[in-house]
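**Q** Sharing a structure here in structure tokens format.
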Amino acid sequence: MNLIIGHLYPDLLNLYGDRGNVIALEKRCHWRGIDVTVRPLLIDDDWSFTDCDILFLGGGQDREQEIVWRDLMHQKAAFREAAEEGVVVLAVCGGYQLLGHYYRTPDGKDIEGLGILDLHTVAGKERLIGNAVITSPFFDEPNTLVGFENHGGKTYLGSAVRPLGQVMVGQGNNGEDATEGAVVKNVFGTYLHGSLLPKNPHLTDLLLSRALKRKDPTYPLAPLEDTLEWQAHEAALRIAGTS
Amino acid sequence: MAKLRLLVAVWLGKIAIRLLRLTSHSGTTLPGRVSLKVAPFLLERLGQTAAGARVVITGTNGKTTTAAFLGNMLKEANRRFVRNVSGANLPSGIATTMVEHASLGGTLSTEFLLTEVDEAMMPRVTRALQPEVTVVTNFFRDQLDRYGELDRIVGIVGGALRFTSHTVCLNADDPMVAGLVKDLPPGVVPIMFGIEGGEVVDQADRQGTMGARVGVDTQFCPICGTRFEYETVTYGHLGIYRCPGCSFTRPTLDVAGRILSEGGDEMAQLEIRHVATGGTVTVALKIPGLYNAYNALAAATAGLALGLTLSEVARGIEAFTGAFGRMERVALPSGEMTLALVKNPVGFNEVLRTVQNVTAPRVLMIAINDRLADGTDISWLWDVDFERLREVSGIHFVVSGRRAKDMAVRLKYAGVSTDRLEVITDLQKAVSRSLELAGDQAQLFVLPTYTAMLALRAELVRRGLVSAMWKG
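Structure follows, in structure tokens:
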């Protein structure tokens, strides 16, 4: 078995340690004997999204995100096609906002997004910063996801997506409706850094199993030794004040 | 009235310092806070009374070490100065230092006032001090939860430079710093320092795993947004760069450094050339790390701006063995401990490079806390290139602190064998275990975040291994 992970703009969307998500996906394949190729997708590169099994987008500085938005708009149709075909997408923070319909800047200008997730984002007055814990219907017990959020935008979901989870600690999408993240098909968006995947191994494995299922519905995902990961998860729950 | 308030503020501050020290508190910020409450203009008024120049040092990494280097140079030149020690670089810490050294009549009887200043506090402090010499070391992303994005902090420091006078020393190799030239008020002269490339270029180092460049915070021109072309890179985004989009290039140097030998276990040799006079001097650095060569160079540039001779500068550098918790060497009954603060990816990577270059077996204790002063977001650990340690044999890891488990996961995913990894959340126990593992065979490196370092220091004081920092 071989998986290809496309890491979009690793040199621009690199602000909050989000590359840990790619490391987690990569390592958990290696440990199971699944071959992985991580392909950095850079500006002006000639890409094929549908060749990839998993696409990852992180968050960047405002200045660098502008560069990304400009570049990615040329690839809008291709990206949508990949999402339609069931390519697994994980987008964090700035990358998450980019998947929505638009981002409204502080001076009221709407910047068009990829429109893959039915949501939009409005620049907020204050940044929402801190440890975050959500409960997610995508898992049986334990169903918590732990991370750290740091975003100025407030994201509002439409009816064609469902949230990744409900906020227990933190602000989530907008600090108002207790939702966090958004999911449609195999496309997952979230504000959670941390990095998110290393200390939420159940989410990592969910993404991997979705990607594998597309290639071979019978391919089994072997369990791994996750003591350290769950200890980090537990510690994050404690520090966030949930237990 | 103002004079009376100043005096009351000084006296109260002095009393607070005495009381705190009597009760074994270090008291590096509280007295200043009290004094500033009484006399909010204290920094302005006391600052003016320094007979010579006011020096401000800021930037993400290297503030404390640069200030300590400069202090050593002034000491070698028999000049009198006051400096805020131990990284107390907020207005309260600076005020504490001033109050401590002020006379009861409310004047600083000193020639130079040396202050390292937190980047976010630059506007307030430069407005108050109007420094004759200002140094900006570098900009790396740091504690995003507190400072915000890098561009924001660069803007804040740039804005603060309008209150400077005479001279501003800028790191030419950091494009974010060199770009500050545009913010200088008329009449203020920039002095550019940097390291000439040559053998220090390591392009391979810039290609991290997955082709993503690890630990490089910016590669794009701050003026036009085009990707820089680098001729050489020293570390992080520092080097000789050129923007193909606009005319922005690395400025020509006024004070030029050249690494003659990088050291490893030995001392690194740094050549310093003062372009204006043509004078050149070669110094041996007692503290390892390329970033410390930059710190020495930054201090040399400020020293020359203050009128010190090259030989005074060189003597100051050579007499220096490390600042509080910054590659500080602590003698153990058998062997030695090196204490190095870690707070952001680029700084951590440089410390790891130093650890990697040591040939003896190593015990590496990493203590990660997530309190306010450390940064509450520990995501940045995933941007540190721990993968470089995977292939290095003979390192034993002890991880500790409130986020010990996160650190353990990071090392596991970096490919470090869990057989060589011990997780001991409690700092005291982790110190004991690390000392035991090191014995007299291995070099012990202790890499804590800020509050973990303070706690570790207290523990080392308790064990009689170091003296309390305010005596330091």
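Sequence lines, in order, name chains A and B. Be aware that the first sequence starts at 0, since it is given in numbering that gives the first Met the number 0, and climbs by one per residue. Be aware that the second sequence starts at 0, since it is given in numbering that gives the first Met the number 0, and climbs by one per residue. Where is the CB? At the ideal position from N, CA and C, for every residue including glycine.
Please report whether the beta-carbon of B/T448 lies at a distance below 9 Å from any beta-carbon of chain A.
**A** For this step, residue 448 of chain B is matched to residue 449 along the second sequence. No, its Cβ sits nowhere closer than 9 Å to a Cβ of chain A.
**Q** Against chain B, which members of the stretch 101–132 of chain A pass a CB distance test of less than 8 Å?
**A** Listed by position along the chain: R126, I128, G129, N130.
**Q** Kindly indicate which residue of B/L89, B/K285, B/L42, B/A297 has the alpha-carbon position closest to the one of B/Q273.
**A** Taking the second sequence and counting its residues from 1, one reaches residue 273 of chain B at position 274. The sequence as given places His at residue 273 of chain B; Gln does not occur at that position. Comparing Cα positions, the closest option is B/A297.
**Q** Using the DSSP secondary-structure output, state which residues sit across from B/H395 in a beta bridge.
**A** On the second sequence, position 396 is the one that residue 395 of chain B refers to. Its beta-bridge partners are B/V362.
**Q** Can you check whether the C-beta of B/E148 is within less than 9 Å of a C-beta belonging to chain A?
**A** Numbered from its first residue, the second sequence carries residue 148 of chain B at position 149. Closer than 9 Å: yes.
**Q** At which residue ranges does the stretch 285–354 of chain B contain complete beta strand (DSSP E) runs of 3 or more residues, listed in the order of the chain?
**A** If we require 3 residues or more, the beta strand (DSSP E) runs fully inside the stretch 285–354 of chain B come out as 325–330, 335–339.
**Q** Rounding to the nearest angstrom, what Cα-Cα distance links B/T109 and B/V98 in this structure?
**A** Start at 1 with the first residue of the second sequence, and residue 109 of chain B comes out as number 110. Start at 1 with the first residue of the second sequence, and residue 98 of chain B comes out as number 99. Each residue's alpha carbon lies about 13 Å from the other.
**Q** Is the shortest distance between the beta-carbon of B/K411 and the beta-carbons of chain A less than 9 Å?
**A** Taking the second sequence and counting its residues from 1, one reaches residue 411 of chain B at position 412. Taking Cβ atoms only, chain A reaches closer than 9 Å to B/K411, which makes this a yes.
**Q** Hey, could you find the ends of the beta strand (DSSP E) B/F444 is sitting in?
**A** Counting from 1 along the second sequence, the entry for residue 444 of chain B is found at position 445. It spans 442–447 - the beta strand (DSSP E) in which B/F444 sits, taken as one unbroken run.
**Q** Does A/A235 come within less than 9 Å of chain B when only Cβ atoms are used?
**A** In the first sequence, counting from the first residue as 1, residue 235 of chain A sits at position 236. Chain B, which has a Cβ nearer than 9 Å to the Cβ of A/A235, makes this yes.
**Q** What does DSSP give as the partner residue(s) for B/M191 in the beta ladder?
**A** Walking along the second sequence from the start, residue 191 of chain B turns up at place 192. Note: B/M191 sits in a beta bridge opposite B/L169.
**Q** When you compare each of B/I93, B/N170, B/R419 to B/M121 by their alpha carbons, which one comes out closest?
**A** In the second sequence, counting from the first residue as 1, residue 121 of chain B sits at position 122. Here the closest residue by C-alpha is B/I93.
**Q** Inspect the CB distances between the stretch 173–180 of chain B and the stretch 218–228 of chain B and report whether three or more fall short of 8 Å.
**A** Counting Cβ pairs under 8 Å, three or more are found: they touch.
**Q** Answer with yes or no whether the minimum CB distance from B/K181 to chain A is below 9 Å.
**A** Locating residue 181 of chain B in the second sequence gives position 182, counting from the first residue. So no, B/K181 is outside the interface.
**Q** Going along chain A, which residues have a C-beta under 7 Å from B/V408?
**A** The count along the second sequence starts at 1 and reaches residue 408 of chain B at position 409. What B/V408 touches in chain A: P197, K198, L227, E228, A231.
**Q** Whole angstroms are fine: how far does the CA of A/G19 sit from the CA of A/T120?
**A** As a first step, residue 120 of chain A is located in the first sequence; it is residue number 121 there, counting from the start. As a first step, residue 19 of chain A is located in the first sequence; it is residue number 20 there, counting from the start. C-alpha separation (whole angstroms): 25 Å.
**Q** Confirm, please, whether the CB-CB distance from A/Y190 to A/T241 is below 9 Å.
**A** If you number the first sequence from 1, residue 241 of chain A lands on position 242. If you number the first sequence from 1, residue 190 of chain A lands on position 191. The answer is no: Cβ separation not under 9 Å.
**Q** State the start and end residues of the unbroken beta strand (DSSP E) segment that holds A/N90.
**A** The residue labelled residue 90 of chain A in the question sits at position 91 within the first sequence. For the record, residue 90 of chain A in the displayed sequence is Ala; it is not Asn. Segment 87–91, the beta strand (DSSP E) holding A/A90.
**Q** State the Cα-Cα distance for the pair B/S333 and B/T300, rounded to the nearest angstrom.
**A** As a first step, residue 333 of chain B must be located in the second sequence, where it is residue number 334. As a first step, residue 300 of chain B must be located in the second sequence, where it is residue number 301. Cα to Cα, B/S333 sits roughly 38 Å from B/T300.
**Q** Taking Cβ positions, are B/T448 and B/N368 nearer each other than 9 Å?
**A** The sequence position of residue 448 of chain B within the second sequence is 449, counting from 1. The sequence position of residue 368 of chain B within the second sequence is 369, counting from 1. Yes, they are a contact pair.
**Q** Tell me whether B/V188 is buried or exposed, calling it buried when 16 or more other Cβ atoms sit within 10 Å of its Cβ.
**A** Start at 1 with the first residue of the second sequence, and residue 188 of chain B comes out as number 189. Label assigned to B/V188: exposed.
**Q** Suppose the cutoff is 8 Å on Cβ atoms and the five residues either side in sequence are ignored; what does the same chain contact list for B/R361 look like?
**A** Position 362 of the second sequence, counted from the first residue, corresponds to residue 361 of chain B. The answer, listed in chain order, is V354, G393, I394, H395, A441, Q442, L443, F444.
**Q** What are the boundary residues of the beta strand (DSSP E) that A/T104 is part of?
**A** Taking the first residue of the first sequence as position 1, residue 104 of chain A is located at position 105. Unbroken run through A/T104: none, as it is neither H nor E.
**Q** Which two residues bound the contiguous beta strand (DSSP E) that contains A/M167?
**A** For the purposes of this step, residue 167 of chain A is taken as the residue at position 168 of the first sequence. Where A/M167 is concerned, the enclosing beta strand (DSSP E) stretches over 164–168.
**Q** Should A/R209 be counted as a contact of the ligand COA given a C-beta to heavy atom distance under 8 Å?
**A** For the ligand COA, the structure offers nothing, since it holds no ligand at all.
**Q** List the residues of chain A that B/R401 touches, going by C-beta distances under 9 Å, in chain order.
**A** Reading the second sequence from its first residue, position 402 is the one you call residue 401 of chain B. Neighbours of B/R401 on chain A, chain order: A234, I238.
**Q** Give the C-beta separation of B/L307 and B/A76 to the nearest angstrom, bearing in mind that I take them to be a contact with Cβ-Cβ under 8 Å.
**A** Looking up residue 307 of chain B in the second sequence gives position 308. Looking up residue 76 of chain B in the second sequence gives position 77. With 8 Å as the limit, B/L307 and B/A76 qualify as a contact, their Cβ atoms being about 5 Å apart.
**Q** Quick one: list the residues of chain A neighbouring B/Q142, beta-carbon separation under 7 Å, in chain order.
**A** Taking the second sequence and counting its residues from 1, one reaches residue 142 of chain B at position 143. Correct list: empty, because the minimum Cβ distance to chain A is about 11 Å.
**Q** So which of B/A127, B/L42, B/S466, B/V135 has the shortest CA-CA distance to B/T63?
**A** Here residue 63 of chain B refers to the residue found at position 64 of the second sequence. Per the Cα distances, B/V135.
**Q** Contact defined as beta carbons within less than 8 Å: I believe A/I42 pairs with A/D17. What is the distance between those atoms, to the nearest angstrom?
**A** Walking along the first sequence from the start, residue 42 of chain A turns up at place 43. Walking along the first sequence from the start, residue 17 of chain A turns up at place 18. Not really, about 18 Å apart at Cβ, beyond 8 Å.
**Q** Which chain D residues are close to A/A23, counting only those with a beta carbon under 8 Å from its beta carbon?
**A** Chain labels in this structure do not include chain D; the protein chains are A and B.
**Q** Would B/Q218 pass as an interface residue toward chain A - the criterion being a Cβ-Cβ separation below 9 Å?
**A** As a position in the second sequence, residue 218 of chain B is number 219, starting the count at 1. For B/Q218, the answer is yes, since a Cβ of chain A falls inside 9 Å of its Cβ.
**Q** Identify, in the order they occur along the chain, each residue of the same chain with its Cβ nearer than 7 Å to the Cβ of B/S91, setting aside the five sequence neighbours on each side.
**A** Within the second sequence, residue 91 of chain B is the residue found at index 92, counting from 1. Once the five neighbours on either side are set aside, the close Cβ partners of B/S91 are T28, G31, R32, L35.
**Q** With a CB to CB cut of under 8 Å and the five nearest residues on each side skipped, what residues in its chain are close to B/C220?
**A** Here the question's residue 220 of chain B lines up with position 221 in the second sequence. So the qualifying residues of the chain are P174, R226, F227, C242, G244, C245, F247.
**Q** Verify the CB distance criterion: does A/G16 have a CB-CB separation below 9 Å to chain B?
**A** The residue labelled residue 16 of chain A in the question sits at position 17 within the first sequence. By this cut-off, A/G16 is an interface position.
**Q** Would you kindly check if the distance between the Cβ of A/P222 and the Cβ of A/A23 is under 9 Å?
**A** By 1-based counting over the first sequence, the position of residue 23 of chain A is 24. By 1-based counting over the first sequence, the position of residue 222 of chain A is 223. No, the pair does not count as a contact, with Cβ atoms beyond the cut-off.
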